[in-house]
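This report refers to the structure that appears directly beneath it.
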Amino acid sequence: MIRISNMNKWYGQFHVLKDINLNVRKGEKIVICGPSGSGKSTMIRCINRLEEFQQGALQVNGIEMIDDIKNIEAIRKDVGMVFQHFNLFPHLTILENLTLGQVWVQKKPKAEAEALAMKYLERVKIANQANKYPGQLSGGQQQRVAIARSLCMAPQIMLFDEPTSALDPEMVKEVLDVMVELAEEGMTMLCVTHEMGFAKKVADRVIFMDAGEIVEENTPDEFFGNPQTDRLQLFLSQVL
Ligand code: ADP
Ligand code: MG
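Per UniProt numbering, the sequence shown runs over residues 1 to 240.
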């Protein structure tokens, strides 16, 4: 589903991604962790072209990421993204947040879009809030809305960038539960998160990034139980 080959990216003089290689198969769940500033967000944002890279190659679901709007749009159709700060439209209701893309991007009739929106709102256990505005919901509820909104666009791959790190502790579980369900249904997922319980439960592979490089990559058992590099040992001692 995703092939990243020798990807390099610079912000001006700053070399932020260094020779990144990563292949993700259909249905695989990858957890990415690493210190702040190591390039995790930059890497996953390259996958749907929220960021550009200067060297290397990227293929998503067989489509080459090149500087052509047709390819970029085709890739974005397949890729959903959930951010740390939800990014809901504050002036639209929850239901309108979920139908906007379906109606304007996918050109669906409103009634059909609303039916699908309600289906996903039920799945994330929040259908009774459909007519409220984002500001009237808790952080955990808003993040579940953001996940449902993404699913309405029928993505084949979901990218999560620290989806629980802006939440109060008591709300983390309700969001992780939704992510675990999605994983169990077979979604291809890349999740930047330091939630080690989640990683152990669903990840096929855990990746450690540091200073723009993939330093280590392993099954969760080996990754946490038998870290190979000093850098990962130090990181784990700080976060666990
Ligand atoms: P992470 O998600 O692992 O915390 P990021 O990918 O956000 O790391 O950032 C990696 C590095 O790139 C950091 O040093 C950050 O300051 C820098 N950076 C991120 N975005 C930009 C930008 N738009 N312009 C310049 N530097 C940036
Ligand atoms: Mg980040």
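Note that CB positions come from ideal geometry on N, CA and C, so glycine has one too.
Own chain, CB closer than 8 Å to Phe-89, minus 5 neighbours either side, in chain order:
Counted from its first residue, the sequence shown places residue 89 at position 89. So the qualifying residues of the chain are Glu-96, Asn-97, Leu-100, Pro-134.
Taking C-alpha atoms, which residue in Ser-237, Glu-52, Ala-117, Asp-161 lies nearest to Gly-12?
Residue numbering aside, residue 12 sits at position 12 when the sequence shown is read from its first letter. Out of Ser-237, Glu-52, Ala-117, Asp-161, Glu-52 has the C-alpha closest to the C-alpha of Gly-12.
How big is the Cα-Cα spacing for Ser-36 and Met-43?
Translated into the one-based positions of the sequence shown, residue 36 becomes position 36. Translated into the one-based positions of the sequence shown, residue 43 becomes position 43. Distance between Ser-36 and Met-43, taken at the CA atoms: about 13 Å.
Taking Thr-93 as the reference, which of Phe-83, Ile-72, Gln-136 has the closest Cα?
Indexing the sequence shown from 1 puts residue 93 at position 93. Ranked by how close their Cα comes to the Cα of Thr-93, the residues Phe-83, Ile-72, Gln-136 have Gln-136 in first place.
Between which two residues does the beta strand (DSSP E) carrying Val-60 extend?
Indexing the sequence shown from 1 puts residue 60 at position 60. Where Val-60 is concerned, the enclosing beta strand (DSSP E) stretches over 55–60.
Taking Cβ to Cβ, would you say Ile-75 is nearer than 8 Å to Arg-45?
As a working mapping, residue 75 is identified with position 75 in the sequence shown. As a working mapping, residue 45 is identified with position 45 in the sequence shown. Cβ distance not < 8 Å, so Ile-75 and Arg-45 don't count as in contact.
State the Cα-Cα distance for the pair Asp-177 and Ile-30, rounded to the nearest angstrom.
Position 177 of the sequence shown holds residue 177. Position 30 of the sequence shown holds residue 30. Looking at the two C-alpha atoms, the distance is approximately 17 Å.
Can you check whether the CB of Asn-8 is closer than 8 Å to the CB of residue 263?
Outside the shown range of the chain (1 to 240) lies residue 263, about which nothing can therefore be said.
Express the C-alpha separation of Cys-191 and Gly-225 in angstroms, rounding to a whole number.
The residue you call residue 225 lines up with position 225 of the sequence shown. The residue you call residue 191 lines up with position 191 of the sequence shown. Rounded to whole angstroms, Gly-225 to Cys-191 spans 20 Å at the Cα level.
At least 3 beta-carbon pairs within less than 8 Å: the region 18–34 vs the region 201–213:
Using a C-beta cut-off of 8 Å, the region 18–34 makes contact with the region 201–213, since at least three inter-stretch Cβ pairs fall below that distance.
On the DSSP bridge assignment, give the partners of Phe-83 in chain order.
The residue you call residue 83 lines up with position 83 of the sequence shown. Answer by DSSP bridge pairing: none, since Phe-83 is not bridged.
Starting from Cys-33, follow its DSSP beta bridges and name the residues at the other end.
Taking the sequence shown and counting its residues from 1, the one referred to as residue 33 is at position 33. The beta-bridge partner set that DSSP reports for Cys-33 consists of Phe-208.
Among all the DSSP beta bridges, which residues are the ones paired with Glu-217?
Counting from one through the sequence shown, the residue named residue 217 turns up at place 217. Looking at the DSSP output, Glu-217 shares a beta bridge with Ile-207.
Which residues are close to ligand 1, meaning CB closer than 5 Å to any heavy atom, in chain order?
A Cβ closer than 5 Å to some heavy atom of ligand 1 marks a residue here, and those residues are Tyr-11, Val-16, Ser-36, Gly-37, Ser-38, Gly-39, Lys-40, Ser-41, Thr-42.
Start and end residues, alpha helix (DSSP H) containing Phe-235:
Taking the first residue of the sequence shown as position 1, residue 235 is located at position 235. Looking at the DSSP string, the run of the alpha helix (DSSP H) that includes Phe-235 is 230–239.
Can you say whether Gly-186 is buried or exposed, counting buried as having 16 or more other CB atoms within 10 angstroms of its CB?
Within the sequence shown, numbered from 1, the residue matching residue 186 stands at position 186. With fewer than 16 neighbouring CB atoms inside 10 Å of its own CB, Gly-186 falls in the exposed class.
heavy atom of ligand 2 below 7 Å from Asp-67 C-beta:
Position 67 of the sequence shown, counted from the first residue, corresponds to residue 67. Outside the cutoff, so no.
In chain order, what are the residue ranges of uninterrupted beta strand (DSSP E) at least 3 long that sit wholly in the region 89–122?
Taking only runs of at least 3 residues, no beta strand (DSSP E) segment lies wholly in the region 89–122.
For Met-171 versus Gly-140, is the C-beta spacing smaller than 8 Å?
In the sequence shown, the residue the question calls residue 171 occupies position 171. In the sequence shown, the residue the question calls residue 140 occupies position 140. Against a cut-off of 8 Å, the Cβ pair of Gly-140 and Met-171 comes out as a contact.
Ligand 2 and Val-124: does any heavy atom of the ligand fall closer than 7 Å to the residue's C-beta?
Taking the sequence shown and counting its residues from 1, one reaches residue 124 at position 124. Outside the cutoff, so no.
Any chance the CB of Val-192 is under 7 Å from a heavy atom of ligand 2?
Taking the sequence shown and counting its residues from 1, the one referred to as residue 192 is at position 192. Yes - ligand 2 has a heavy atom lying nearer than 7 Å to the Cβ of Val-192.
Flag this pair as touching only if the region 62–70 and the region 209–223 have three or more C-beta atom pairs under 8 Å; answer yes or no.
No: the two stretches stay apart, fewer than three of their Cβ pairs being nearer than 8 Å.
Could you tell me the distance, in whole angstroms, from the CA atom of Val-60 to the CA atom of Ile-20?
Start at 1 with the first residue of the sequence shown, and residue 60 comes out as number 60. Start at 1 with the first residue of the sequence shown, and residue 20 comes out as number 20. The alpha-carbon atoms of Val-60 and Ile-20 are separated by roughly 15 Å.
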